[in-house]
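Novice: Residue numbers (this note's numbering): 149 to 686.
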């Protein structure tokens, strides 16, 4: 005996065939699998033996309970960007899927589901509808609930699913979508669920919120390969929120090697990423390496009406194509690398006249970034201000010693690497002398990490070593230290022991290179062969 039913395929589970028992009967089992999802259905069940068949009507009632579930959201990150700021793998909408199932877990088709969002700030909407643009036909309060302001109704598909699209507005906010239905439809029993929290937050980076910093500018790189420094980019959007994870920041440099063999870039996590610059060839003649960091983002604008979006006519900064100013003269010169964003075939020195996306940049004329100095190891130079130069010596005046005290004599000195750049960060500086000086102390006793921005034409232009010894020359970069000379008191406290000595300043770099510094008085030529300064106690 074979059995069949009038239910659609897959909507019942029915014994397909059975063998008659000794008493001549055959038994089968029918299990509802969604044949009557919302209302009673009369089903014909037929038993057949060859060409002979008999049918019986069976009423299947809808389930008395079920559940409304939140199934999924796309994108799976549960994060979308603000209206008008999509890009870099992000979108301005999310698709939410809900599913109504019966007690057996079968999807319930053709059921009304009412939707509402927890907020509609900034123009956020569901399928284009919000509190400023209500659906043409709103659902009844019995279905949607008294607190539902939108009352937007959709029907479930054959599998019980129903989708709704959340479209972002212009204000960052978290949002959830509430779904509500009556099941069974005539029972008055409400089923309700809410989606996972969806984040409408960040958009593309903004030029004014693009920051690039460096752990140390003055690395031991002129004579040594393999010294490193870390360059860190930080990016935020118009609202000051970190840009999406995975935003790419690219780096190019006029010397050394930057980033990794796999990529000349880094990808942000919480708006931050870093690359390492390593000293090696090519080395600029002046030791000053320009680093250009760039990323795709949005040009700055003035939001005159505070509506969080750019409107035609509002002032904005139109960015030209960027270039690596390797010779630091402020101009695009032959052979310098360009970043052609507007037209890949032509470099544009001006913007495109539109407020839109561009290469955000740091490390170009007018928008400085961090510079890396390849500081020399073997030629430390000390420049002593001209005010201390008395016939080629430092003279400690009489009266520095008295019966009650010895007065130390401080001298401000300028330390650099011999090429107009600071000595390597972390280099130790020590004074070596003898009577009539009891000793010399240097403070700070180590060259500090410097964070140097650029390029600046007035300071860095003309790509050659800086040879001036004038401490007012803006092309020089160095560090100021205080050399304290303490004379020896004469026996009996009758004053200082007079006479002269020579004081060396020894510089020891992080790579272990120790050298007596060339000592110049301000204005002397760099060829002056003085490696200890005469000190006279009068």
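Think of the CB as a built atom: it goes at the ideal place given N, C-alpha and C, for glycine as much as any other residue.
Within this structure, are the beta carbons of residue 369 and residue 438 separated by less than 8 Å?
Specialist: Going by C-beta atoms, residue 369 is not nearer than 8 Å to residue 438.
Novice: Is the number of C-beta pairs between the stretch 622-638 and the stretch 580-589 that are closer than 8 Å three or more?
Specialist: Contact holds: three or more Cβ-Cβ distances are below 8 Å.
Novice: Can you list, in chain order, the residues of its chain with a C-beta nearer than 7 Å to that of residue 356? Leave out the 5 residues immediately preceding and following it.
Specialist: So the qualifying residues of the chain are 448.
Novice: With 16 as the cutoff for other CB atoms within 10 Å, does residue 460 come out buried or exposed?
Specialist: The residue in question, residue 460, is exposed, as its Cβ has fewer than 16 Cβ neighbours within 10 Å.
Novice: Residue 516: which of 425, 202, 597 and 358 sits nearest, CA to CA?
Specialist: Of the candidates 425, 202, 597 and 358, the one whose C-alpha sits nearest the C-alpha of residue 516 is 358.
Novice: Beta-carbon within less than 6 Å of residue 608's beta-carbon, same chain only, minus the 5 sequence neighbours each way: which residues are those?
Specialist: 436, 476 and 602, listed in sequence order.
Novice: Counting pairs of Cβ atoms below 8 Å between the stretch 612-626 and the stretch 481-499, do you hit three or more?
Specialist: Cβ pair count under 8 Å is below three, so no.
Novice: Excluding sequence positions up to five away, which residues of its chain have a Cβ less than 6 Å from the Cβ of residue 627?
Specialist: So the list reads 563, 570 and 595, once near-sequence residues are dropped.
Novice: How far does the alpha helix (DSSP H) with residue 606 in it reach, from first residue to last?
Specialist: Start and end: 605-608.
Novice: CB residue 214 to CB residue 331, shorter than 8 Å?
Specialist: In contact: residue 214 and residue 331 (Cβ atoms closer than 8 Å).
Novice: Can residue 533 and residue 670 be called in contact, C-beta distance under 8 Å?
Specialist: Yes, the pair counts as a contact, with Cβ atoms nearer than the cut-off.
Novice: Nearest-angstrom Cα distance between residue 624 and residue 568?
Specialist: Cα-Cα distance, rounded: 5 Å.
Novice: Taking only runs that begin and end inside the stretch 290-357, name each unbroken beta strand (DSSP E) of 3 or more residues, in chain order.
Specialist: Counting whole runs of 3 or more residues, the stretch 290-357 contains the beta strand (DSSP E) stretches 300-303, 309-315, 321-323, 325-330, 338-342 and 346-348.
Novice: If you drop the 5 nearest sequence neighbours on each side, which residues of the same chain put their C-beta closer than 7 Å to that of residue 496?
Specialist: Hits under 7 Å: 468, 469 and 490.
Novice: Comparing alpha-carbon positions, which option in 249, 269 and 348 lies nearest residue 310?
Specialist: When each option's Cα is compared against that of residue 310, the closest is 249.
Novice: Give me whichever residues DSSP pairs with residue 560 in a beta bridge.
Specialist: Its beta-bridge partners are 630.
Novice: Can you tell me where the beta strand (DSSP E) with residue 192 in it begins and where it stops?
Specialist: 189-197 is the extent of the beta strand (DSSP E) around residue 192.
Novice: Closer than 8 Å is the cut-off here; do at least three beta carbon pairs connect the stretch 514-531 with the stretch 652-667?
Specialist: Judged by Cβ distances under 8 Å, the stretch 514-531 makes contact with the stretch 652-667, as three or more pairs qualify.
Novice: Take residue 672 as the anchor and find which of 327, 164, 537 and 664 has the nearest alpha-carbon.
Specialist: Nearest C-alpha to residue 672: 537.
Novice: Smallest Cα separation from residue 224: which of 343, 582 and 278?
Specialist: It is 343 whose Cα lies nearest to the Cα of residue 224.
Novice: The beta strand (DSSP E) that contains residue 587, what's its start and end?
Specialist: Note, residue 587: beta strand (DSSP E), 585-591.
Novice: Whole angstroms are fine: how far does the CA of residue 190 sit from the CA of residue 242?
Specialist: Computed Cα separation, rounded: 41 Å.
Novice: Among 535, 339, 348 and 541, which one has its Cα closest to the Cα of residue 319?
Specialist: Selected option, being the one with the closest Cα: 348.
Novice: For a test of the three-state rule: what should DSSP assign to residue 576, helix, strand or coil?
Specialist: Strand.
Novice: Which of the three DSSP states, helix, strand or coil, is assigned to residue 612?
Specialist: Residue 612: coil per DSSP, three-state reduction.
Novice: Based on the DSSP output, what are the partners of residue 403 in its beta bridges?
Specialist: Partner(s): none; residue 403 has no beta bridge.
Novice: Flag this pair as yes or no: are the beta carbons of residue 422 and residue 380 separated by less than 8 Å?
Specialist: The answer is yes: Cβ separation under 8 Å.
Novice: Residue 470 by DSSP, collapsed to three states: which one?
Specialist: Residue 470 falls in the strand class under three-state DSSP.
Novice: Going by beta-carbon coordinates alone, are residue 229 and residue 316 separated by less than 8 Å?
Specialist: Yes, Cβ-Cβ distance for residue 229 and residue 316 is below 8 Å.
Novice: To the nearest angstrom, how far is it from the Cα of residue 373 to the Cα of residue 677?
Specialist: Their Cα atoms are separated by approximately 28 Å.
Novice: What does a CB cutoff of less than 8 Å around residue 221 pick up in its chain, not counting 5 residues either side in sequence?
Specialist: Here the set comprises 242, 243, 244, 245, 343, 344 and 346.
Novice: Check whether the Cβ atoms of residue 383 and residue 419 sit closer than 8 Å, and answer yes or no.
Specialist: Yes; because the gap between Cβ atoms is below 8 Å, this pair is in contact.
Novice: Which class does residue 540 belong to by DSSP, given the choice of helix, strand or coil?
Specialist: It is coil, neither helix nor strand.
Novice: Name the residue from 264, 188, 523 and 308 whose alpha carbon lies nearest to the alpha carbon of residue 324.
Specialist: The option with the nearest alpha carbon to residue 324 is 264.
Novice: Could you name the residues of the same chain whose beta carbon sits closer than 8 Å to that of residue 261, not counting the 5 residues immediately before and after it, in chain order?
Specialist: Cβ within range, chain order: 216, 246, 248, 301, 302, 303, 304, 310, 327, 328 and 329.
Novice: Could you tell me the alpha carbon to alpha carbon distance between residue 600 and residue 520, rounded to whole angstroms?
Specialist: In a straight line, the C-alpha of residue 600 is about 7 Å away from that of residue 520.
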